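Peer 1: Residues in the sequence shown are numbered from 750 upward in steps of one, following our numbering.
Cβ atoms here follow ideal geometry from the backbone N, Cα and C, with glycine treated the same way.
Just so you know, these numbers come straight off a predicted model, no measurement behind them.
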Amino acid sequence: MTNTTSDCLIGEASRRSGVHIETIRYYERAGVMPEPHRSAGGQRVYDREQLQRLSFIKRCRELGFSLNEVRGLFALVDGGNQTCNEVHALTVSHLKDLRKKIADMRKIERVLKDMSDQCSQGNVPECPVIDVLFGQS
């Protein structure tokens, strides 16, 4: 299959990293993952470094970093000139965006709760929730 024990095909890379096969291909098309070398049969072959990158991308995505932010982190790493200040600035910016999203979600939660509290759950022809959604209340 491959020339070293750490090299693997895309299915095994998916299993090891926890990243779906189609997502791995998408990351390659999007330029977040470098395209791996190919076997004689044309299959993608991933080495240990690429598996580490996949795990890094997965963790970044779990933390809500966009692909552009992941690209920025890789640019710092790959350029060999990463500084904690640059990574800190990106993280602080991301944290600010996340806090805004949380605040927005809390507002949505309050609106939905207010709407559901107005609902009598009966068989009346008018539904307060539908009225609110149509902007009639």
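1) How long is the line joining the alpha carbons of S842 and E818, rounded to whole angstroms?
2) I'd like to check one pair, L825 with V794: are the Cβ atoms closer than 8 Å?
3) Which one or two residues does DSSP pair with V794 in a beta bridge?
4) Mapping DSSP to helix, strand and coil, what is M750?
5) Return the chain-ordered list of same chain residues with a C-beta closer than 8 Å to the C-beta of R848, the five sequence neighbours on each side being excluded.
6) Give the range of the alpha helix (DSSP H) segment to which G821 is assigned.
7) Applying the 10 Å Cβ sphere with the 16-neighbour rule, what's the burial state of M854?
8) Between E761 and chain D, is there a C-beta pair that is closer than 8 Å?
9) Roughly how many whole angstroms lie between the Cα atoms of S888 and E875?
10) So what does DSSP say about T772, is it helix, strand or coil?
11) Do L816 and S766 have their C-beta atoms closer together than 8 Å?
Peer 2: Straight from the coordinates:
1) Approximately 10 Å, taken between the alpha carbons.
2) With respect to the 8 Å criterion, V794 and L825 are not classified as neighbours on the basis of their beta carbons.
3) Looking at the DSSP assignment, V794 forms a beta bridge with L758, H786.
4) Confidence at M750 is low in this model, with a pLDDT of 45, below 50, so its placement is unreliable and the value that follows should be read with caution. Here M750 sits in coil by DSSP.
5) Excluding the 5 residues flanking it on each side, R848 has no same chain C-beta neighbour closer than 8 Å.
6) From DSSP, the alpha helix (DSSP H) with G821 extends over 816 to 827.
7) Label assigned to M854: exposed.
8) The structure shown contains no chain D; it is built from a single protein chain.
9) Past the edges of the chain, shown from 750 to 886, lies residue 888, and the structure says nothing about it.
10) Of the three classes helix, strand and coil, the one that applies to T772 here is helix, per DSSP.
11) No, Cβ-Cβ distance for L816 and S766 is not below 8 Å.
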